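Chemist: Residue numbers (our numbering): 5 to 441.
For glycine and all other residues, C-beta sits at the position ideal for the given N, C-alpha and C.
Here the structure is a predicted model, which means the values were calculated and not measured.
The structure follows.
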Amino acid sequence: MRLRLQLKTSRSRRVTAARFLIVCSTLLYAAPAPMARAQVAASSQGPVKITLDDAIQLALKHNHNLLAAQTTIQQDEALETQANLRPNPDIFGDWEYLPLFTPSMWTGSYLENSTEADLGLSYLFERGKKRQHRLQAAQARSLVADNERTLTFNVSSQFFNVQLAESTLELAERDVRSFQQTVDISEVTYKAGGMSEDDFLKIELQLLQFQSDYEQAMMAKDQGLDDLRNMLGYDSVPADYDVAGLFDYQPVNANLEDLQMKALQDRPDLRAAQQGVTAATSQWELQKADGKVDVTGQGNYSHVNSINTATVYVSVPLPVFNRNQGNIAQARFAITQTQEQEKATSEQVMTDVHDAYMGLKENDRIIVLYRSRYLDVADKDRDISEFAYQHGGASLLDFLDAERSYRATQLAYRQALASYLIALEQLREAVGTRTLP
5 MRLRLQLKTS RSRRVTAARF LIVCSTLLYA APAPMARAQV AASSQGPVKI TLDDAIQLAL
65 KHNHNLLAAQ TTIQQDEALE TQANLRPNPD IFGDWEYLPL FTPSMWTGSY LENSTEADLG
125 LSYLFERGKK RQHRLQAAQA RSLVADNERT LTFNVSSQFF NVQLAESTLE LAERDVRSFQ
185 QTVDISEVTY KAGGMSEDDF LKIELQLLQF QSDYEQAMMA KDQGLDDLRN MLGYDSVPAD
245 YDVAGLFDYQ PVNANLEDLQ MKALQDRPDL RAAQQGVTAA TSQWELQKAD GKVDVTGQGN
305 YSHVNSINTA TVYVSVPLPV FNRNQGNIAQ ARFAITQTQE QEKATSEQVM TDVHDAYMGL
365 KENDRIIVLY RSRYLDVADK DRDISEFAYQ HGGASLLDFL DAERSYRATQ LAYRQALASY
425 LIALEQLREA VGTRTLP
């Protein structure tokens with residue numbers, strides 16, 4: 005079908021024709037362009053895309069800071085193995101009065117009757133169950149689990165920042181494409197005499213803002229993907245990877261009390277604090293055990309001038325002055341310190357969950373405001389202003405102001421949505437699990 009439009013010399017008919025062209029451009033914009041369809045088809049065979057769950061798993065497997073922290077578990081296990089080893093026995097021997105510089109005296113009779121020899125074995129018998137009272141690797145495991153909790157939150161937050169940049173980029177691209185058609189048709193109208201030069205320049209300048217938004221969103225996306233790749237492990241994803249998943253509202257119905265109880269059960273930093281009390285108690289028991297004297301047993305065989313003898317020794321220190329009193333007292337105070345740290349961590353857990361929950365609720369209310377009314381208001385206001393401008397019922401400035409309001413509302417909503425999703429991840433981090441009650 006061909007559409008032929010003849011512009012009359014009358015100014016009113018030129019204005020009407022120009023506005024008709026704007027309406028046509030709007031209809032054309034509503035249908036996807038062949039290029040857009042080609043881009044969609046190409047994107048299906050484009051770069052590797054990862055979901056949020058993929059990103060978290062990649063980070064837990066390949067993040068070098070986390071891998072370095074995980075070695076503390078093996079280090080503590082090695083120390084535990086070392087602390088659990090029994091003392092080594094001591095063996096000793098001597099042979100005296102050997103005629104090294106008188107070879108003629110090296111006879112069996114001389115060695116039997118004129119030399120002395122000793123051979124002995126000694127062993128330290130530890131008392132007080134010293135080996136059993138050792139620092140355990142369980143605390144290190146909980147500390148590493150807390151590092152994983154923090155890394156999971158950081159990865160999730162960065163993932164949503166990338167999604168925000170992509171959503172902003174999509175909006176900016178759509179705005180540029182739409183407004184570029186408005187500029188093109190306005191230029192035709194201006195050249196035909198249906199629009200003043202001042203109005204045309206105002207429209208053209210407005211395009212600059214949309215183009216700037218597009219470039220800034222593109223840069224934010226590229227930088228966000230680079231930062232996320234660094235968290236995941238630089239070599240764990242290809243350079244041209246992308247993120248996938250819905251960037252949308254996810255309502256949460258859990259109540260504060262259930263979340264706090266869940267956090268007291270699952271927070272690894274609280275478990276580490278509790279295990280710190282256990283470790284401090286173990287150290288106190290170890291110091292008390294060190295205050296108990298150990299016994300050294302020794303057995304000797306001696307050969308003296310053709311006489312063979314055996315000797316048994318027992319050595320026991322007398323704990324008259326040093327009974328390890330200072331270390332025992334220090335370890336007892338360390339227990340009090342770790343108990344207070346446990347209480348402080350427990351209170352911090354409750355506070356973290358409360359703050360994260362309140363932050364999520366505040367962001368939730370903002371999202372509901374946008375979704376229940378103001379997104380529709382912005383759309384409707386722009387449509388009314390565009391229609392009124394096209395039919396001579398509104399000025400160009402009113403139309404441009406409606407465009408700016410629509411753009412600002414859409415950007416603000418996307419930023420609010422990202423803030424909400426990050427607040428949700430903050431709550432998951434505060435509770436210590438990604439599965440909320």
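Would a C-beta distance cut-off of 8 angstroms place SER113 and TYR101 closer than the cut-off?
Modeler: no
Chemist: Using C-beta distances below 7 angstroms, list every residue in its chain close to SER399, excluding the 5 sequence neighbours before and after it, in chain order.
Modeler: none
Chemist: Would DSSP call TYR424 helix, strand or coil?
Modeler: DSSP places TYR424 in helix when its eight states are reduced to three.
Chemist: Comparing C-alpha positions only, which one of PHE403, ALA382 and ASP383 sits nearest to ALA392?
Modeler: PHE403
Chemist: Tell me which same chain residues have a C-beta within less than 8 angstroms of the C-beta of GLN419, skipping the five on either side of it?
Modeler: LEU168
Chemist: I need the straight-line Cα distance from ALA45 to SER216, nearest angstrom please.
Modeler: Residue confidence is low: ALA45 scores 37 on pLDDT, short of 50, so the model does not pin down where it sits. No coordinate-derived value is stated.
Chemist: Could you say if the stretch 381-392 and the stretch 348-368 meet the contact criterion of at least three C-beta pairs nearer than 8 angstroms?
Modeler: no
Chemist: For ASN304, name the three-state secondary structure that DSSP assigns.
Modeler: strand
Chemist: Among TYR127, THR186 and THR340, which residue has its Cα nearest to the Cα of ALA277?
Modeler: Closest by alpha carbon: THR340.
Chemist: Helix, strand or coil for VAL299, going by three-state DSSP, please let me know.
Modeler: strand
Chemist: What would DSSP say about ASP252, mapped onto helix, strand or coil?
Modeler: coil
Chemist: Hey, could you find the ends of the beta strand (DSSP E) ASP122 is sitting in?
Modeler: 120-129
Chemist: For the candidate residues THR172, ARG271 and TYR194, whose alpha-carbon lies nearest to that of GLU433?
Modeler: Among THR172, ARG271 and TYR194, the Cα nearest to that of GLU433 is on ARG271.
Chemist: Start and end of the alpha helix (DSSP H) containing TRP288?
Modeler: 272-294
Chemist: Using CA atoms only, rank isn't needed, just tell me which of TYR218, GLN220, ASP246 and GLU219 is closest to ASP230.
Modeler: ASP246
Chemist: Three or more C-beta pairs closer than 8 angstroms, one from the stretch 229-244 and one from the stretch 52-70: is that the case here?
Modeler: Yes, the stretch 229-244 is in contact with the stretch 52-70.
Chemist: Taking the C-alpha atoms as reference points, what is the distance between ALA176 and THR437?
Modeler: Between the C-alpha atoms of ALA176 and THR437 there is a straight-line separation of about 36 angstroms.
Chemist: Taking 8 angstroms as the cut-off, decide whether the C-beta atoms of ASP298 and GLU130 are in contact.
Modeler: yes
Chemist: What are the boundary residues of the alpha helix (DSSP H) that THR55 is part of?
Modeler: It is not in any alpha helix (DSSP H) - THR55 carries neither H nor E in the DSSP assignment.
Chemist: Taking only three categories from DSSP, how would you classify TYR238?
Modeler: coil
Chemist: For TYR374, which beta-bridge partners are listed by DSSP?
Modeler: DSSP output for TYR374 lists no bridge partner at all.
Chemist: Is the separation between the beta-carbon of ASN165 and that of ALA422 shorter than 8 angstroms?
Modeler: yes
Chemist: Which value, in whole angstroms, describes the spacing of the CA atoms of SER171 and PHE251?
Modeler: 8 angstroms
Chemist: Suppose the cutoff is 8 angstroms on Cβ atoms and the five residues either side in sequence are ignored; what does the same chain contact list for GLN74 look like?
Modeler: VAL148
Chemist: So, with DSSP's three-state summary, where would you put THR196?
Modeler: Note that residue 196 is Ala in the sequence shown here, rather than Thr. Coil at ALA196, not helix or strand.
Chemist: Does the stretch 120-135 come close enough to the stretch 301-314 that 3 or more CB-CB pairs lie under 8 angstroms?
Modeler: yes
Chemist: Within the same chain, show all residues whose beta-carbon is closer than 7 angstroms to that of ARG153, passing over the 5 residues directly before and after it, in chain order.
Modeler: PRO272, GLU433 and GLY436.
Chemist: Just to check my reading of the structure: PHE157 and GLN430 have Cβ atoms closer than 8 angstroms, yes? What is that Cβ distance to the nearest angstrom?
Modeler: 7 angstroms
Chemist: Would you check if the distance between the CB atom of LEU70 and the CB atom of LEU173 is smaller than 8 angstroms?
Modeler: no
Chemist: Can you give me the C-alpha to C-alpha distance between ALA267 and HIS358, rounded to a whole angstrom?
Modeler: 11 angstroms
Chemist: Take every Cβ of the stretch 283-293, pair it with every Cβ of the stretch 329-348, and state whether three or more of those distances are shorter than 8 angstroms.
Modeler: yes
Chemist: With 16 as the cutoff for other CB atoms within 10 Å, does TYR317 come out buried or exposed?
Modeler: exposed
Chemist: Go ahead and pull the three-state DSSP assignment for GLY330.
Modeler: helix
Chemist: Spatial neighbours of ALA406 within its chain, please: CB distance less than 8 angstroms, with the 5 preceding and 5 following residues excluded, ordered by chain position.
Modeler: ASP385, ARG386, ILE388, SER389 and GLU390
Chemist: Determine the direct distance from the alpha carbon of ASN326 to that of ALA314, and round the result to whole angstroms.
Modeler: Roughly 33 angstroms between the two C-alpha positions.
Chemist: Using the rule of at least 16 other Cβ atoms within 10 Å of the residue's Cβ for burial, across every protein chain shown, is LEU373 buried or exposed?
Modeler: Exposed, because fewer than 16 other Cβ atoms sit within 10 Å of the Cβ of LEU373.
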